[in-house]
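Visitor: Quick one: structure below, then a few questions.
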Amino acid sequence: MSNETKEKIVGGSFVITDVDYRQVVTPEDFSEEHRMIGETTEEFVRTEILPRDEEIEHLNYELTANLLRKAGEVGLLGADVPEAYGGMGLDKVSTTLISEKLTKASSFALSAGAHVGIGTLPIVFFGTDAQKRKYLPKLATGELLAAYCLTEPSSGSDALGAKTTAVLSEDGTHYVLNGTKQFITNAGFADIFIVYAKVNGTDFSTFIVERSMEGVSIGPEEKKMGIKGSSTCPLILENVKVPVENLLWEVGKGHLIAFNILNIGRFKLAAGCLGSSKDAIEYAAKYANERTQFGQKISSFPLIGKKLAEMNTRTFVLESMVYRTAGLFDVGLADVDYSSADVGYQSAKQIAEYQLECSINKVFGSEVLDFVADEGVQIHGGYGFTQEYRIERIYRDSRINRIFEGTNEINRLLIPGALVKRAMKGELPLLQAAQKLQAELMEPIPSRTFEGTLEEEAYLLTMAKKIFLMAGAQAVQKYQLKLEREQEVLSHLADMMIAIYAMESALLRTKKRIAQAGEDKAALYIAMTTVFIQEEFGKIEALAKETLSYMETGDMLRTQLSILKKLTKRSAVNTLSLKRQIAAEVIRAEKYVL
1 MSNETKEKIV GGSFVITDVD YRQVVTPEDF SEEHRMIGET TEEFVRTEIL
51 PRDEEIEHLN YELTANLLRK AGEVGLLGAD VPEAYGGMGL DKVSTTLISE
101 KLTKASSFAL SAGAHVGIGT LPIVFFGTDA QKRKYLPKLA TGELLAAYCL
151 TEPSSGSDAL GAKTTAVLSE DGTHYVLNGT KQFITNAGFA DIFIVYAKVN
201 GTDFSTFIVE RSMEGVSIGP EEKKMGIKGS STCPLILENV KVPVENLLWE
251 VGKGHLIAFN ILNIGRFKLA AGCLGSSKDA IEYAAKYANE RTQFGQKISS
301 FPLIGKKLAE MNTRTFVLES MVYRTAGLFD VGLADVDYSS ADVGYQSAKQ
351 IAEYQLECSI NKVFGSEVLD FVADEGVQIH GGYGFTQEYR IERIYRDSRI
401 NRIFEGTNEI NRLLIPGALV KRAMKGELPL LQAAQKLQAE LMEPIPSRTF
451 EGTLEEEAYL LTMAKKIFLM AGAQAVQKYQ LKLEREQEVL SHLADMMIAI
501 YAMESALLRT KKRIAQAGED KAALYIAMTT VFIQEEFGKI EALAKETLSY
551 METGDMLRTQ LSILKKLTKR SAVNTLSLKR QIAAEVIRAE KYVL
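Numbering-wise (UniProt numbering), the sequence shown opens with residue 1 and increments by one.
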């Protein structure tokens with residue numbers, strides 16, 4: 001990445017400040033090395049995975065493990081591991097590309113993703129030098145395979161309610177672990193388990209547990225709706241003696257490891273959703289050009305074209321968000337010293353900086369994929385409901401993403417909650433911005449005309465931020481410490497923030513493209529950005545109206561709605577014609593297009 005992206009951006013600041021397009025990373029910035037990494041991943045999937053796809057889907061442990069080791073041989077498992085510990089130490093844009101490109105491998109992509117992400121990264125970010133030297137080189141090659149064990153039968157979203165215990169032995173040499181972990185990806189063949197347990201029943205902590213330790217056993221495979229080729233079993237711990245040197249970081253710091261690894265997991269999940277969305281568009285567009293009804297290809301019907309245009313547009317926005325966020329991590333994690341004694345504190349601080357953005361990517365990405373997969377099935381008609389066509393599997397496999405890595409409901413509660421906490425700690429001037437807006441709203445808003453490209457869309461983004469601040473400030477003032485109980489309000493505020501980040505990511509990417517190549521070569525970018533911002537702004541207006549109507553009544557509500565009306569004035573845009581333009585390009589290319 002170029003030096004222009006090196007300035008660190010404060011996490012969550014996008015709701016109150018404007019970002020220069022030169023500060024964001026976009027796919028158009030990829031270096032030759034990035035492209036080669038993407039091509040290597042695609043080649044591996046094409047030659048090693050797809051020919052064995054059916055075998056993998058029938059849950060062949062030995063085959064999956066062997067293929068993971070082959071992935072290790074070409075560097076796909078060690079991308080996040082520092083070079084000093086046998087990995088490649090690639091930047092986050094590179095590792096994001098790998099996550100995106102692997103998704104064509106279906107269930108195998110999940111097995112690999114769980115190993116390199118939530119399975120290996122806890123040791124990368126929070127392990128001691130000795131732990132890293134012992135485990136990371138073998139995890140990077142696939143000689144050892146990893147799993148992550150947080151969820152329990154009685155604690156899913158409430159991770160800290162875990163009942164697994166760890167008791168220090170009298171001689172202080174080991175901990176004795178007892179408990180059961182549920183829905184553990186890779187459990188059927190993993191060698192290493194990152195396990196969360198409460199020391200003395202209270203201090204939430206993390207341990208590196210080896211499969212060979214006495215008392216470790218694996219329960220039966222879950223019979224799942226999708227991702228059938230991935231292993232998902234319970235992990236059972238019965239008086240397992242874990243050496244004290246296998247404690248990860250410190251006693252009582254497990255929640256920091258868990259939440260920050262989940263942040264990374266959420267972001268990587270969004271990258272995977274991006275890859276699957278692109279695949280679904282390709283399958284749907286090709287089918288639409290092959291299928292004939294009423295004497296013509298169904299791709300010629302405007303309603304089919306509209307579906308493809310909307311699928312492509314949302315995927316474009318997701319792609320803009322994902323690589324923007326990867327760029328943020330590259331800057332934030334650049335100064336982490338992985339051999340330092342306080343690497344855990346350094347890592348936790350830098351990852352937590354973009355907690356909001358990770359949750360936003362996860363929610364938006366999983367819901368974009370669900371939309372794209374669903375429309376893909378619809379375009380296929382009855383054939384989309386059969387296993388003969390790949391879209392059926394994408395549809396089934398996509399559903400888990402709204403549950404994985406914290407449900408979308410939990411993430412929606414986290415997004416505004418984290419923003420308020422940052423403001424209360426003085427890390428973000430949110431209160432000052434709200435006070436400034438309060439004074440501004442008392443003044444009349446002059447009418448405006450827009451002539452330049454995306455000028456009105458940039459204005460709508462500014463208004464969207466003001467609408468969010470107005471509704472958010474009202475909620476904080478009204479409910480104060482009780483705000484966390486008002487889940488519908490928090491969810492609406494989260495959806496406004498998600499929309500703002502999405503709108504801004506698309507706008508900044510398109511502005512950057514115009515600066516790089518001119519408006520003619522950015523025509524499709526401009527069309528998709530216009531459509532998305534115009535439609536998303538309407539959703540923000542509706543969310544704000546419903547939120548204000550819940551919080552206020554009478555004259556106060558009328559005043560608030562009057563202000564909202566001033567902030568939402570805009571001209572009508574012919575989005576249907578723009579969608580026809582986008583659709584024509586998707587149908588012509590038979591794939592995701594820019």
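Every residue gets a Cβ at the ideal spot worked out from N, C-alpha and C, and that includes glycine.
For ALA65, which residues of its own chain have a beta-carbon under 7 Å away from its beta-carbon, when the five flanking residues on both sides are left out?
Guide: For the purposes of this step, residue 65 is taken as residue 65 along the sequence shown, with counting starting at 1. Answer for ALA65: LEU145, PHE189, listed in chain order.
Visitor: For LEU557, I'd like the list of residues in its chain whose CB is within less than 7 Å of its CB, leaving aside the five on either flank, ordered along the chain.
Guide: As a first step, residue 557 must be located in the sequence shown, where it is residue number 557. Around LEU557: LEU548, SER549.
Visitor: THR292 and SER231 - do their beta-carbons sit closer together than 8 Å?
Guide: Within the sequence shown, numbered from 1, the residue matching residue 231 stands at position 231. Within the sequence shown, numbered from 1, the residue matching residue 292 stands at position 292. No, Cβ-Cβ distance for SER231 and THR292 is not below 8 Å.
Visitor: Within its chain, find whatever has a CB closer than 6 Å to the CB of LYS511; leave out the 5 residues flanking it on each side and keep chain order.
Guide: For this step, residue 511 is matched to residue 511 along the sequence shown. Excluding sequence neighbours, LYS511 sits near TYR21.
Visitor: Per DSSP, ASN178 is paired with what?
Guide: By one-based count along the sequence shown, residue 178 stands at place 178. Partner(s): THR165.
Visitor: Taking the alpha-carbon of GLY382 as reference, which of ASP330, PHE450, TYR287 has the nearest alpha-carbon?
Guide: Start at 1 with the first residue of the sequence shown, and residue 382 comes out as number 382. Out of ASP330, PHE450, TYR287, the CA that lies nearest to the CA of GLY382 is found in TYR287.
Visitor: Using CA atoms only, rank isn't needed, just tell me which of ARG324, GLY156, GLY172 is closest to ALA271.
Guide: As a first step, residue 271 is located in the sequence shown; it is residue number 271 there, counting from the start. Residue ARG324 is the option with its Cα nearest to ALA271.
Visitor: Starting from the N-terminal side, write out each stretch of the beta strand (DSSP E) that is 3 residues or longer and does not extend beyond the stretch 216 to 257.
Guide: 216 to 218, 232 to 243
Visitor: Leaving out five residues before and five after THR530 in sequence, what residues of the same chain have Cβ atoms less than 8 Å from its Cβ?
Guide: One-based indexing of the sequence shown puts residue 530 at position 530. These residues qualify, in order along the chain: LEU454, GLU457, VAL573, THR575, LEU578.
Visitor: Quick check on LEU481: buried or exposed, where buried means 16 or more other Cβ atoms within 10 Å of its Cβ?
Guide: One-based indexing of the sequence shown puts residue 481 at position 481. Answer is exposed; the Cβ neighbour count stays below 16.
Visitor: Would you list the residues sitting across from PHE204 in a DSSP beta bridge?
Guide: Within the sequence shown, residue 204 is the residue found at index 204, counting from 1. Partner(s): LYS198.
Visitor: Which of the three DSSP states is assigned to ILE192 in this structure?
Guide: The sequence position of residue 192 within the sequence shown is 192, counting from 1. If DSSP states are grouped into helix, strand and coil, ILE192 belongs with the strands.
Visitor: Would the stretch 375 to 391 and the stretch 249 to 256 be scored as touching if the rule is three or more Cβ pairs under 8 Å?
Guide: no
Visitor: Assign THR202 to buried or exposed, taking buried as 16 or more other Cβ atoms, counted over all protein chains shown, within 10 Å of its Cβ.
Guide: Position 202 of the sequence shown holds residue 202. When all chains shown are included, THR202 counts as exposed.
Visitor: Please classify ILE184: does DSSP put it in a helix, a strand, or coil?
Guide: Within the sequence shown, numbered from 1, the residue matching residue 184 stands at position 184. Of the three classes helix, strand and coil, the one that applies to ILE184 here is strand, per DSSP.
Visitor: Sorted by chain position, which residues of the same chain lie with C-beta nearer than 7 Å to PRO153's C-beta, five sequence neighbours on each side aside?
Guide: Residue 153 sits at position 153 when you count from the first residue of the sequence shown. Correct list, in chain order: THR180, GLN182.
Visitor: For TYR61, report the span of its alpha helix (DSSP H) as first-last.
Guide: Stepping through the sequence shown from its first residue, residue 61 is reached at position 61. Looking at the DSSP string, the run of the alpha helix (DSSP H) that includes TYR61 is 61 to 73.
Visitor: Look up ALA572 in the DSSP assignment and say whether it is helix, strand or coil.
Guide: For this step, residue 572 is matched to residue 572 along the sequence shown. Residue state, collapsed to three classes: coil.
Visitor: What's the gap between the Cα of GLY75 and the Cα of VAL195?
Guide: Translated into positions along the sequence shown, residue 75 becomes position 75. Translated into positions along the sequence shown, residue 195 becomes position 195. GLY75 and VAL195 have their C-alpha atoms some 26 Å from each other.
Visitor: What's the C-alpha gap between GLY226 and TYR345?
Guide: Mapped onto the sequence shown, residue 226 falls at position 226. Mapped onto the sequence shown, residue 345 falls at position 345. In a straight line, the C-alpha of GLY226 is about 37 Å away from that of TYR345.
Visitor: May I have the straight-line CA-CA distance separating VAL81 from THR206, to the nearest angstrom?
Guide: Here residue 81 corresponds to residue number 81 of the sequence shown, with the count starting at 1. Here residue 206 corresponds to residue number 206 of the sequence shown, with the count starting at 1. VAL81 and THR206 have their C-alpha atoms spaced approximately 20 Å apart.
Visitor: By Cβ distance, which residues of its chain are closer than 7 Å to LYS224, with the 5 residues on each side in sequence left out?
Guide: On the sequence shown, position 224 is the one that residue 224 refers to. THR232, listed in sequence order.
Visitor: Is it true that the CB of HIS492 sits closer than 8 Å to the CB of GLU546?
Guide: Counting from one through the sequence shown, the residue named residue 546 turns up at place 546. Counting from one through the sequence shown, the residue named residue 492 turns up at place 492. Yes, these two residues count as a Cβ contact at 8 Å.
Visitor: Only counting the same chain, and skipping five residues up and downstream in sequence, which positions put a Cβ closer than 8 Å to that of GLU73?
Guide: Here residue 73 refers to the residue found at position 73 of the sequence shown. Same-chain partners within the cutoff: THR141, GLY142.
Visitor: With respect to 7 Å, is the separation between the Cβ of GLU245 and the closest non-hydrogen atom of the ligand HEM below this value?
Guide: Of the ligands one can find in the structure shown there are none, so the ligand HEM has no counterpart to examine.
Visitor: With a cut-off of 8 Å on the beta carbons, I'd call LEU356 and LEU419 a contact; round off their distance for me.
Guide: The count along the sequence shown starts at 1 and reaches residue 356 at position 356. The count along the sequence shown starts at 1 and reaches residue 419 at position 419. 6 Å between Cβ atoms; contact.
Visitor: Using CA atoms only, rank isn't needed, just tell me which of GLU48, GLN477, ILE500 is closest to LEU460.
Guide: Residue numbering aside, residue 460 sits at position 460 when the sequence shown is read from its first letter. Closest option to LEU460, Cα to Cα, is ILE500.
Visitor: Over what stretch of residues does the alpha helix (DSSP H) that includes TYR354 continue unbroken?
Guide: What you label residue 354 is simply residue 354 of the sequence shown in a count that begins at 1. That residue, TYR354, is in no alpha helix (DSSP H); it is neither H nor E in DSSP.
Visitor: Closest to ASP397 by CA distance: which of GLY406, ASP337, ALA373 is it?
Guide: As a first step, residue 397 is located in the sequence shown; it is residue number 397 there, counting from the start. The option with the nearest alpha carbon to ASP397 is ALA373.
Visitor: By Cβ distance, which residues of its chain are closer than 6 Å to ILE118, with the 5 residues on each side in sequence left out?
Guide: Position 118 of the sequence shown, counted from the first residue, corresponds to residue 118. Once the five neighbours on either side are set aside, the close Cβ partners of ILE118 are TYR148, ILE261, GLY265.
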